[in-house]
Structure formats: C-alpha cells, structure tokens
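What follows is a short report on a single structure.
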Amino acid sequence: MTMIEARRVTKTFGSLVAVNDISLTVAPGELRAIIGPNGAGKTTFFNMITGFFPPTRGEIVLQGQDITRTSAQQRVKLGMARTFQITEIFPELTVRENVRIAVEAADGFSLRVFTSRADTDRLAADIDAVLAMTDLSGKADRLVGELSHGDQRAAEIAMALALKPRVLLLDEPTAGMGEQETFQVAGLIRRLHKQSSYTIMLVEHDMRVVFNLADRITVLAEGQMLADGTPAEIAANPAVQAAYLGEAH
Amino acid sequence: MLQLVLFNVTNGLIIGAFFVLMALGVAMILNLSNVINFAHGNFLALGGYLAYMLVPSIGFWGALIVAPLIVAALGFVVERVMVRRVYNRDPVYSLLLTFGLAFIIQDVCRYIWGVSGLPLTIPDSLSQGLSSDLFFITGYRVFMMAIVIVSVVGLFLFLRYTRLGTRIRAGTLDLDTVAALGINVRLLRSLNFAVGIYLAGLAGVLAAGQIGLNPNMGDDLMMPAFIAIIVGGVGSLTGTLLGGLLIGVASALTTTVMPSAQEAVIYVIMAIVLLTRPRGLMGEEGMLT
Amino acid sequence: MSSTELQAASAKPATAVPAPLPAPLPVAGARGVAAGLPLTGIIVWALLLSAPLWLPLIGGYTALASRVVVMGLVAMALNFLLGFTGQMSFGHAAYFGLGAYGAGLTLRYVANSTGLAMLDGILLGGVLGTILGALICKRRGVYFAMITIAFGQIFYYIAYSWDSVTGGYDGLRGFTRQPIGVGPFVIDILNNGTLFYYFVLFVFALATGVMSLLLRSPFGRTLLAIRENERRARFLGIAVDRHIWLSFSIACFFASTAGALFALLNNFADPTSMHYTLSGIIVIMVVMGGMRTFWGPLIGAAIYVVLQDYISSITVNWMSFIGLLFVLVVMFFPRGILGMIKQRSAP
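Chains as they are written, first to last, in my numbering: chain A, 2 to 250; chain B, 48 to 336; chain C, 811 to 1157.
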C-alpha cells in the first residue's frame, strides 16, 4: 500500500491556477524529492498535503485514508510532521524545551496538569532519544534562537521526529544555508532515511542534496508534473535537463 | 402615530449616520495600521470644542471646515510622534497608547472647557423646522445627514480614485508589497491616521451643533463604531458602512417598538452575526486577525 | 486574498533567507516561571504577609493593601491569557465586575454567607466567560481584542440598565461582608480590617497557587508554545483554539474571584468595575509590572493603586496623569519592572 497518494490535486486562487491536476504516489520508506523552478507550485502542493489549505479539486490519501478535508492538526495526529521553509521553532526557549513541547503534544499531554513520575521519566527518555538522533544533545540547554541555521533546522526536525510520525515533510530544509550547514542537514536527512522507516518528502532546490538523497524525484513546472522517476531517469530527461538542471543554486 | 414613527426614524437615521461616520474613521486606522484607536471619541470631542473656539471669529461654516482639519493635523502629529514607535511591537502596546491618549485628551478638554455642557451656535438658516408638524426635521438635521452622506461618498471616491486612496487600499491588503514598490509606508500610515481623525473631528462639529459640547460626547459612539466594524466584517470599509447603517436603522426601529432596548439591539445583532457568520457581513475568510 | 493565499501564491526565491529573529524579550515562560518563583516569590510573600506591620509606617493603611492584592489578582488573571498565552483581552474587567455583582447580589438577596457569596461571584464570571470564550477562541490579535471589549460592554450595559436588580448607575448597595464561622470560631472579617486582609491573602494564595501549578504543567507549556509560535504549535498537533478557550476560561475564573473579593472589600459593586476603562487599567498594570513574568502584574497593580490613590488626592486632573502613565510605560518601559530586572540578570 502506498504511504501518500495525491489524486488529481488542483489548487486555484481565483483565476490563478497554482497547481494543476497532479497525481503521485509515495511508497512507505521512500525518500521523494520534489523539484522545479520558482512558481512551479511546489510549496502550494506541499501545503495541501500537510493540510495548510484544502485543494480545489482532487484527493489526498494517507495510507488508504482520505485526508483531503482533515485539518492540519489532525494530520499531525495521523502521522504527518512537517518543517517549514522559514524555520518554525520557539526561538526563546531552549532546544530541550522545544522538543519537550513536541513530545508532550505527541503523547497527548497538552491538556494535562499532572504528570506522574513514570510519565515524566518516559517523556525525558523520549526527549533524549530525539536529541541524540539529531546530534543536539550537547546543545540541549541553549536557546534555539541563538543557534546556527543548521542547528535550528536540526532542532525543527527534532521536533518533527518527536511527533513519532510516519511521514516527514521537509520544505526546503537547506534554504539559505551555506556549504557546511547544507552538508550537516543533508547528512541528518540521510541518516533518518537509512536508519529508520520514515517516509520522507522533500522540496528542494539544491540539486546535490536532491540527487544524493532521493529514491525518486518528481519535477513540477508551472503547476503541472513534468516528470517523475529515479534520479538517473530524471537526469537523463532532456526536458528536465533543459529547464532545471542548468539553473545555478 | 405616523408622526411618532417619523420622529423615531429620523432620530435613528441621524444616529446611524454618526455611527457610520465614526466607524469609518476607526476602521480606516484599524485596517491599515492594525491599531484600535480608543481615543477616537476624544478626537471627536476635540473637533467640537475647536469649532466652539473658532465660531466667534470665522463663523459656523468656517469652523466646520477648519476644525476637522486642525484635529486631523493633531492626529498626524500624534501618529508621527507616538503611535509610529509601537507599530513593530506586540499590538497590545498600540492599544495601551491610544487608551492613554483617550484619558489625556478627555482630561485636557475637561480642564480647558470645564465639565458642564457648552452650546455651539449654529446659523439661523439651519435651525428652523421644515413644518410645524414635522418640527423635528430641522434644517440642521437635514444638513447633518447631507454632510455625512457627502463625506462618506467623498471618502469612498477618495479611496477609489486618488493615488493616496489607492495606496491606502493596497496597504490594507498587503503592506509589504506596497513598501516593496517603493512607497513611503510611514507617511502613508500617518496620512491615513489623519484621514480617520478628520472624520472624527467632522463628526464632532456636527454633533456639537445638535447636542452641545461636553468632554464625554464621543464616548457613546465608540461601542457602536466597534460593533459596526465587527458586524460589517473586519477589513472591509463597505462592510463597515453597511454595518453602521444596519445597527443604526435597527436601533431606530427598535425605538418605535421598545425604546428601552434601543441600545441592546445593537449588541444582539453583534451576537447573532458572531454566531452565524463570524467573519462579518462582508469580511473575508481567513481575516481572523 | 487571505494571508495564507498571499503567502502561497508568492514565489519564494531559491535562496530564501530565514527572517531575522525578533530581539529577545526577557526570558520568561516555563523556565522563567520556575526561575523567577523562588527569589521573587519569597520576597513577595514576605512583604505580603507582613504588610499590616510595615504599611502604616509609610503612610499606608490595611484596606489599601487589600485593594492591592485584589487588583493584583485580577491583573495576574489577565496575564494568564495575555502574557502566557499571548492573546489580547481588553474586556477583562467585565468578569471582574461579574464576580463583584455575583457576590454582592448573593449577600443582598440570598444569604448572609461569605462562602456562598464568593462561590456565586466566581461562578458567575467564570461560567459566562467560558461560554463567551467559545465564541471568540478562533479570533486573534486586535479583532479578538475588539470582540472582548464589545462583550464586556454588554455586561456593563446590563449592569447599569437592569437597575431594579443591580441598582443601575448608583451601583449595588445594601450588603456587607459577613463574618466567617469555622467550627466554634468566628472570623470577624466584617469589622476587623486586618483579618479581612488575611482572608483576601488566603484566597490570593490559593488562586496563585493553582495558577502556578497550571503554568508549570504540560498544559502551561502548551500555552507558552501557542504564544511563542502559533503555527508551529498547530503543526505539532496541538488543538490551538481549544487551548485558547481554556486559557480564556481560566483567566475569567480568576478575574471573577478577584471581583468577588472586591465586592467584599467595598461592600459595594458598581458598573464602572465592568467598563473597558478598567480593562485597560488592568492591562497597564500587567505591562507595568512585566507582562511575561509571574509576579509582575502584582507589582504593577501595587504601583497603580498607590499612584492613583496619591494622585487623585492632590489633583482633580488625575486622569491626565494616568493617561500619561500609559503613554510613558508603552514608549519607555514596555518590558515592565520585573521584565527589566530579569533582562539585566539574564546571562
């Protein structure tokens, strides 16, 4: 069974057609990259998958369940976690506190006033596990707002992981980063892909990251799907070559 | 009986007109700058008091033109010196600022002109009733309605067809893009604020001619202004206009049936709107803030 | 176009640089509550418990202290919503007033019982606030503020027009607080101002104790998350609207508790305790003391009550000074006293 399926998804804003009749399927455990030039509709498409707003037409299906009209909050509960192009974190809290809020939300503790000793210990263990996964254990008590961009992104990904998701949706995770930080974040994503069963969807502009990590690549242009295939197929596709691979990062 | 109905409807329309004038001023400032101007009623009073000071020297007509302009200029200065500094911060600060201004202006009026009411003399040509039967339809009331209608139409024309007006409208939709186009957003906000205050000052002069002057004269119009905006839909001036008319007319009609509920009906309408169509009559989806 | 559509429709450049983070406000919140509580809390409680001893020495009087504690409680109540959940209520005085009327009406018409009066006051404001909260919990920002003001004014209107019950503009009179019977003992809070002060302090202690518990819990941290970054909170699966509703409801219950105490303090309740003017004053108390700190609002309330008491005794134009206070605080001391202290001492 596929993990995520988009069926003929379309989004119009008035007379502007941002996304036009896109269908794709993502298999469990797959790392899918979505690429395309500016204005291709990548983020709009992403926003519909994560429930930021509903599609004008078409369906979004998560492991066989139609989630087209499900709220963003509900989708998180169903196993979708996302990061944003501009890192969305709690900048004035420490890394640990950021992750703690995520862990408590995931375990359904958001409304709780009392936690037992056992619960507190379990939550702490979850927090430590996520921090270890993202290499942030040493920086756990620093304010997230004071960290480098790469670490902030890692913290945001940590929060997403804390939600124990089935699918990770990362919107331009290396946006605005230099060489070193891109390497750091890409490495983290690769680790997550190799060492666990997360399904990962990635919107990216950095072609090195895309071609190094992706199992499959979907190319969008002007709201429509241009091509869909393995990195080798995409690299060899003349239309894609012409339009996108010549674009400097 | 018919006379009674007409009496109430006339009163209601006048009140409704003031609701609209007041609400539009508050809405202009709210829509562009995200600021609730608690001092709006006090600028209204200031307009009335300034007219009072000016009438002996330049007459009523002169005061009608000049007083709102002075108040608007004052509003411009207030915006530049104080309100501007708190735009980028948590909105609570701009609310507190206008709150404090309201206290200050009200007390200053009280200090300068005293607590008791003062009359504003209006020209004889306006004070007569139309007929002995319809004595309540005085020339002044007709005049007030006319001025309000002209002002509202003028405002909408200004926003639609002048460059400044178009920029203000664009700014209420997307201020960042307006700034990116190279337009001086700071000046835009100041001018917009001044326009809103002008409307308050104008309402003050008109009201003074009808009910006289006192430091609290604008207070009773603040809540109807808010409710007109909520009912009409935040972000839409047309909505505010409709909202003001709606609650004004409803209030007027209620007076004929159950005078004590005149004020309550406005709140009831607001509650109904919030329950059934929370974004207001003409508000847009997603305009939650 | 709505803001979400605008955002979606605008093309993002390939090298989008993350927006610069806002200048950090004094560290508060989960860590702040825990860190601030020990020392500040000790000082505050020491001063409060000994107030009847040192207050007369500096020209104060016990009823003033009671007033400070009551206003401090309503300010802290508002801060629960404003400072810790990040939502602007400018109509909070209404629930304060409802608490006052609830207590007063009970004592006047129902029974001579302080306990029942307190209960009724707390419930009246709290329950009504909870109901209204459901209507507004989807709104944010200045629109949220506007509706809270409008709702508050509805209650103000009812208070002054339903004069057969509430006494109209003149207010509700004809009741006094009653001595409390505890077993064989009678605590004469009616005639003994000092005893009444400690009663007020007792209720205050209970309320702030509950408040502190809530803020340090996972629920409290969730509220903080909503304040810090609502979008991120939503995308962590947090039911944001529901949490805001709960926070609003809690803030109303605390406010009405303060209101009930207020009625007992003055043996009087009137519509001005519901008007948005008082709401604004409560907000300035919170901001003056430190909007994102736990004890800040109490300090702000103390400053305001003392200042207003003093200024109104020496000039008729005290409103100008209060207005000036608003303006000065907003422009020059936005972090408030405790906020500024915390910032200085932060590493």
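Glycine included, every Cβ here is placed at the ideal spot set by N, Cα and C.
- Three or more pairs of CB atoms, one per stretch, sit closer than 8 Å, so the segment 1136–1154 of chain C contacts the segment 121–140 of chain B.
- Inter-residue distance for Arg70(A) and Gln64(A) is about 15 Å (C-alpha atoms, whole angstroms).
- Its chain contains Ala19, Val20, Thr45, Met49, Pro56, Thr57 as the residues whose beta carbon lies nearer than 7 Å to that of Lys12(A), once the 5 sequence neighbours on both sides are disregarded; these appear in chain order.
- Those residues of the segment 63–83 of chain A placed with their C-beta closer than 7 Å to a C-beta in chain C are Ala73, Gln74, Val77, Lys78, Arg83, ordered along the chain.
- Boundaries of the beta strand (DSSP E) harbouring Arg83(A): 81–84, taken from the DSSP string.
- Taking a C-beta cut-off of 9 Å against chain C, the contacting residues of the segment 286–312 of chain B are Ser307, Glu310, Ala311, listed in chain order.
- A straight-line Cα-Cα distance of about 30 Å links Ile194(B) and Ile959(C).
- Its chain contains Thr185, Gly186, Tyr187 as the residues whose beta carbon lies nearer than 7 Å to that of Ser174(B), once the 5 sequence neighbours on both sides are disregarded; these appear in chain order.
- If you check each beta-carbon in the segment 1022–1036 of chain C against every beta-carbon of chain A, the ones closer than 7 Å belong to Leu1023, Leu1024, Ser1027, Pro1028, Phe1029, Arg1031, Thr1032, Ala1035.
- Assigned with DSSP and collapsed to three states, Thr26(A) falls in strand.
- Here the segment 1077–1089 of chain C makes no contact with the segment 1056–1065 of chain C; the two share fewer than three CB pairs at distances below 8 Å.
- Taking 8 Å as the upper bound on Cβ-Cβ separation, chain C lies near residues Leu77, Asn81, Val82, Ile83 of the segment 71–83 of chain B.
- Cβ neighbours of Ile61(B) within its own chain (closer than 7 Å, five residues either side excluded): Arg188, Met191, Met192.
- Following the DSSP letters along the chain, one finds Ala34(A) inside the beta strand (DSSP E) bounded by residues 32–36.
- Taking 9 Å as the CB threshold, Ala960(C) lines the interface with chain B.
- Taking 9 Å as the CB threshold, Pro239(A) stays off the interface with chain C.
- At a beta-carbon threshold of 8 Å, the residues of chain C lying near Ile274(B) are Ala960, ordered along the chain.
- Taking the beta carbon of Tyr158(B) as reference, the chain C residues within 7 Å of it are Asn1127, listed in sequence order.
- The segment 1049–1062 of chain C makes no contact with the segment 90–104 of chain A: fewer than 3 CB pairs, one atom from each, lie closer than 8 Å.
- Sixteen is the threshold: since fewer than 16 other Cβ atoms of the shown chains lie within 10 Å of the Cβ of Val1126(C), the residue is exposed.
- Nearest C-alpha to Leu211(B) among Leu91(B), Val232(B), Val52(B): Val232(B).
- The C-alpha of Phe1104(C) lies about 12 Å from the C-alpha of Leu891(C).
- Taking a C-beta distance under 9 Å as the contact criterion, Ile258(B) and Val278(B) do not qualify as a contact pair.
- Taking 9 Å as the CB threshold, Gly935(C) stays off the interface with chain B.
- Annotation: Gly251(B) to Asn1001(C) spans about 50 Å, alpha carbon to alpha carbon.
- Annotation: Cβ neighbours of Leu321(B) in chain C (cutoff 8 Å, chain order): Leu945, Ile946, Ile957.
- Comparing alpha-carbon positions, the option among Glu147(A), Arg8(A), Ile128(A) lying closest to Ser138(A) turns out to be Ile128(A).
- By the rule that beta-carbons nearer than 9 Å mark a contact, Gly1047(C) touches chain A.
- Taking each of Arg113(A), Glu182(A), Ala125(A), Tyr199(A) in turn and checking the Cα distance to Arg1026(C), the smallest one comes out for Arg113(A).
- Chain B places no beta carbon closer than 9 Å to that of Arg1044(C), leaving this residue out of the contacts.
- Here Met202(A) is bridged, per DSSP, to Arg33(A), Leu170(A).
- A straight line joining the alpha-carbon of Asn261(B) with that of Tyr1008(C) spans about 44 Å.
- Taking a Cβ-Cβ threshold of 7 Å, the residues of chain C close to Phe110(A) are Pro1028, in chain order.
- Judged by DSSP in its simplified three-state form, Arg8(A) adopts strand.
- Around Leu101(B), the same chain offers Gly109, Ala110, Val113, Ala114 as residues with beta carbons nearer than 7 Å, after the five sequence neighbours per side are excluded.
- DSSP places Asp1119(C) in no beta strand (DSSP E) but in the uninterrupted alpha helix (DSSP H) bounded by 1106–1124.
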